[in-house]
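Asker: In my numbering, the protein residues as written are 1 to 167.
Next up is a structure, given as structure tokens.
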């Protein structure tokens, strides 16, 4: 029996090895952002006494974040308002207040009539563009520092294609 490398075995099995998501660094930006936001809360305990304590604190925190926190990235709306679509009626109320203020004191608005900011229509991290030249961004190994892995990916594609033809 001859020992072979892990990457050779994965290639024969048709597995493409990767250390990260396609075209993205190896992190979870949503989790990292949420963790930082929670740590900066004034009532963040720093160290939890137990798993029950952690669950209780995070349960209250998630409720606050989703229902009460007016997010700057959502134009001052809460995540719940944006998710349910209630932000539209709240934006109308805000716009009426701005219009009333403008009518009463137009001199206070050097740039003209103010307009309520709206949350972005969509949000994504490194979205795949429709005009992207790469037809299959998920079919390649995305860590060029391992040339053996790239060769293995090519071998695994060939093996997969051969198996597909015969089966």
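Beta carbons: idealized from backbone N, C-alpha and C, even for Gly.
Between which two residues does the alpha helix (DSSP H) containing residue 34 stretch?
Answerer: Residue numbering aside, residue 34 sits at position 34 when the chain shown is read from its first letter. That run of the alpha helix (DSSP H) goes 29-39.
Asker: Under a three-way DSSP split, which group does residue 138 fall into?
Answerer: On the chain shown, position 138 is the one that residue 138 refers to. Confidence at residue 138 is low in this model, with a pLDDT of 49, below 50, so the placement of that residue is unreliable and no value is reported for it.
Asker: At which residues does the alpha helix (DSSP H) containing residue 73 begin and terminate?
Answerer: Numbered from 1 along the chain shown, position 73 holds the residue referred to as residue 73. Segment: none, residue 73 is in no alpha helix (DSSP H) and carries neither H nor E.
Asker: At a cut of 8 Å, does the segment 72-92 reach the segment 118-127 through at least three beta carbon pairs?
Answerer: These segments touch.
Asker: Can you tell me whether residue 77 is helix, strand or coil according to DSSP?
Answerer: Numbered from its first residue, the chain shown carries residue 77 at position 77. Strand.
Asker: State buried or exposed for residue 40, treating a residue as buried only when at least 16 other CB atoms are found within 10 Å of its CB.
Answerer: Taking the first residue of the chain shown as 1, we reach residue 40 at position 40. By the neighbour-count rule (16 or more Cβ atoms within 10 Å), residue 40 is not buried but exposed.
Asker: If we ignore side chains and look at the alpha-carbon of each, how far apart do residue 108 and residue 97 end up?
Answerer: In the chain shown, the residue the question calls residue 108 occupies position 108. In the chain shown, the residue the question calls residue 97 occupies position 97. Spanning the two alpha carbons is a distance of roughly 14 Å.
Asker: Can you tell me where the alpha helix (DSSP H) with residue 95 in it begins and where it stops?
Answerer: Here the question's residue 95 lines up with position 95 in the chain shown. Note, residue 95: alpha helix (DSSP H), 87-104.
Asker: What number of angstroms, rounded off, separates the C-alpha of residue 16 from the C-alpha of residue 6?
Answerer: Residue numbering aside, residue 16 sits at position 16 when the chain shown is read from its first letter. Residue numbering aside, residue 6 sits at position 6 when the chain shown is read from its first letter. About 12 Å.
Asker: Cα separation between residue 60 and residue 93?
Answerer: For the purposes of this step, residue 60 is identified with residue 60 of the chain shown, where counting begins at 1. For the purposes of this step, residue 93 is identified with residue 93 of the chain shown, where counting begins at 1. Distance between the alpha carbons of residue 60 and residue 93 is about 29 Å.
Asker: Quick one, which of 103, 105 and 70 has its alpha-carbon nearest residue 90's?
Answerer: Counting from 1 along the chain shown, the entry for residue 90 is found at position 90. Minimum Cα distance to residue 90 is reached at 70.
Asker: By the three-class DSSP mapping on this structure, what secondary structure does residue 54 have?
Answerer: Locating residue 54 in the chain shown gives position 54, counting from the first residue. Three-state DSSP puts residue 54 in a helix.
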